[in-house]
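Here this note's numbering is used: position 140 in the sequence shown is 285, and no number is missing along the way.
Beta carbons are placed, not taken as given, at the ideal position from N, Cα and C, and that holds for glycine.
Computed from a prediction, not measured in an experiment: that's the story for all the values here.
Taking it in order: structure first as structure tokens, then the write-up.
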Amino acid sequence: MENYTPSSYGDTMAGVFDFLNADAEENERTVDFLSAEAGGKYILEPCVGTGRIAIPLARAGYTVHGIEVSTAMAEQLRSKPGGDLVEVLVGDMLTAEPPLRYDLVYLLQNGLGNLLSEKEQVEYLRRVVGQLRPGGRLVLESWEPEPERFVDNQYVETSLLDANYVVLSAAQLDPGEQVISQQSIMISNHGIQLYPVRFRYFDVDQLDSMAALAGLSLLHRYSAWDRAPYTEKGRSISVYVAA
Ligand SMILES: C[S@@+](CC[C@H](N)C(=O)[O-])C[C@H]1O[C@@H](n2cnc3c(N)ncnc32)[C@H](O)[C@@H]1O
Numbered sequence: 146m147e148n149y150t151p152s153s154y155g156d157t158m159a160g161v162f163d164f165l166n167a168d169a170e171e172n173e174r175t176v177d178f179l180s181a182e183a184g185g186k187y188i189l190e191p192c193v194g195t196g197r198i199a200i201p202l203a204r205a206g207y208t209v210h211g212i213e214v215s216t217a218m219a220e221q222l223r224s225k226p227g228g229d230l231v232e233v234l235v236g237d238m239l240t241a242e243p244p245l246r247y248d249l250v251y252l253l254q255n256g257l258g259n260l261l262s263e264k265e266q267v268e269y270l271r272r273v274v275g276q277l278r279p280g281g282r283l284v285l286e287s288w289e290p291e292p293e294r295f296v297d298n299q300y301v302e303t304s305l306l307d308a309n310y311v312v313l314s315a316a317q318l319d320p321g322e323q324v325i326s327q328q329s330i331m332i333s334n335h336g337i338q339l340y341p342v343r344f345r346y347f348d349v350d351q352l353d354s355m356a357a358l359a360g361l362s363l364l365h366r367y368s369a370w371d372r373a374p375y376t377e378k379g380r381s382i383s384v385y386v387a388a
């Protein structure tokens, strides 16, 4: 996907992201979990998107800063009720300089995977260590892909289907780089829209190794925001503290 840039996903998804992530109970459990992990008032969300979680945390009284590479996503956040409560830096999480040190830094929905090499992911984790207050925590939500979905390192599947639209997903896997490139293709009577995404995946052992290189050690790992135990490959929610 040669023409993909860090802002491609956000620029195309900004108008539909909240519609696709409207599970109020899940969002509430996420906020509750993060509140319980924040030992203090200062919170940073890199890849903050539309503020789905950052805005409720700010409403709960935390000082919440966000980093967001897509101007369209940042504008979406700012236009929402409570959006003015979150200070957003528009820029790349790998280079942005947030103004404080934080009690909690959290990355949702495979946020670390937005960096497309192991080198960048470790470099980023090192930056986080420098952004945490003593005893501060890093929470990372990630997913391991299901290898059986890929045949000859690719798949096409029907993601959503209704009488007036269909969403197809077409993906390619680079197993060496551990990078997946995907287009979600929405076809409706209004035309065709493309929603591209690229991310680098990792398993939890690889994640722990990268975290250790950055000076982070694992405190807890769960499979869901209600703290269900992590037992098998799939979604992981990992809590780290600077070693
Ligand atoms: C899947 S969305 C998640 C948004 C938000 N964290 C949430 O859970 O509601 C990922 C967001 O990360 C942003 N993003 C991607 N790469 C980034 C980068 N290198 N630096 C900062 N933001 C980035 C995208 O523009 C998008 O808004």
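Could you tell me if asparagine 255 is buried or exposed, where buried requires 16 or more neighbouring beta carbons within 10 angstroms of its beta carbon?
With 16 or more Cβ atoms within 10 Å of its Cβ, asparagine 255 is classed as buried.
DSSP three-state assignment for alanine 219, whether helix, strand or coil
Helix at alanine 219.
Quick one: is serine 383 buried, meaning 16 or more other Cβ sit within 10 Å of its Cβ, or exposed?
The C-beta of serine 383 has 16 or more other C-beta atoms within 10 Å across all chains shown, which makes the residue buried.
Any heavy atom of ligand 1 inside 6 Å of the beta-carbon of valine 214?
Checking the Cβ of valine 214 against ligand 1 gives yes.
Taking contact to mean at least 3 C-beta pairs separated by less than 8 Å, is the segment 331-350 in contact with the segment 289-309?
Touching, yes.
By the three-class DSSP mapping on this structure, what secondary structure does aspartate 331 have?
The question names aspartate, yet the displayed sequence has methionine at residue 331. In the structure shown, methionine 331 sits in a strand (DSSP, three-state: E or B).
Identify, in the order they occur along the chain, each residue of the same chain with its Cβ nearer than 6 Å to the Cβ of glutamine 328, setting aside the five sequence neighbours on each side.
Ala315, Leu339, Pro341.
What does phenylalanine 344 pair with, by DSSP beta-bridge criteria?
Looking at the DSSP assignment, phenylalanine 344 forms a beta bridge with Ile325.
Looking at the strands, I want to know which residues DSSP matches up with proline 374.
In the DSSP assignment, the residues bridged to proline 374 are Tyr367.
Hey, would you say the C-beta of methionine 355 is under 6 Å away from at least one heavy atom of ligand 1?
Here the distance from the Cβ of methionine 355 to the nearest heavy atom of ligand 1 is not below 6 Å.
Determine the contact status of leucine 222 and threonine 195, defining contact as a CB-CB distance below 7 Å.
Judged by beta-carbon spacing, threonine 195 lies within the 7 Å limit of leucine 222, meaning their Cβ atoms are closer than that value.
Please go through the segment 184-254 and give each complete alpha helix (DSSP H) segment of 4 or more residues, from N-terminal end onward.
Complete alpha helix (DSSP H) runs here, min 4: 199-204, 216-224.
DSSP beta-bridge partners of histidine 302:
Looking at the sequence shown, residue 302 is not histidine but glutamate. For glutamate 302, which the question treats as bridged, DSSP gives the partners Ser314.
Using the beta-carbon count (16 or more within 10 Å), is glutamate 173 buried or exposed?
Exposure of glutamate 173 is indicated by the presence of fewer than 16 other C-beta atoms within 10 angstroms of its C-beta.
How about tyrosine 187 and tyrosine 247: do their beta carbons lie closer than 7 Å?
Taking 7 Å as the Cβ cut-off, tyrosine 187 and tyrosine 247 qualify as a contacting pair.
Closest to leucine 257 by CA distance: which of Glu190, Leu313, Gly227 is it?
Closest in C-alpha terms to leucine 257, from the list Glu190, Leu313, Gly227, comes Glu190.
Should proline 151 be counted as a contact of ligand 1 given a C-beta to heavy atom distance under 6 Å?
Yes, Cβ of proline 151 sits closer than 6 Å to a heavy atom of ligand 1.
Who are valine 384's beta bridge partners in DSSP?
Paired residues: Val284, His365.
Beta-carbon within less than 8 Å of leucine 179's beta-carbon, same chain only, minus the 5 sequence neighbours each way: which residues are those?
Hits under 8 Å: Ile188, Ile198, Leu202, Leu249, Tyr251, Val284.
Bounding residues of the alpha helix (DSSP H) (the contiguous stretch that carries phenylalanine 164):
Where phenylalanine 164 is concerned, the enclosing alpha helix (DSSP H) stretches over 162-165.
Please look up how many angstroms separate the CB atoms of leucine 270 and alanine 356, rounded, as I've assumed it's under 8 Å.
Distance from leucine 270 to alanine 356 at the Cβ level is roughly 6 Å; contact confirmed, criterion being Cβ atoms closer than 8 Å.
Does ligand 1 have even one heavy atom less than 6 Å from the beta-carbon of tyrosine 154?
At a threshold of 6 Å, tyrosine 154 counts as near ligand 1, since its beta carbon sits closer than that to one of the ligand's heavy atoms.
Measure from the alpha carbon of serine 304 to the alpha carbon of each residue in Leu313, Pro151, Glu293, Leu277, then state which is nearest.
Of the candidates Leu313, Pro151, Glu293, Leu277, the one whose C-alpha sits nearest the C-alpha of serine 304 is Leu313.
Ignore the nearest five residues each way along the sequence and tell me which others in leucine 361's own chain have a CB closer than 8 Å to its CB.
If we look at leucine 361 and ignore the five residues flanking it on each side, its Cβ neighbours are Leu270, Val273, Val274, Leu283, Tyr385, Val386, Ala387, Ala388.
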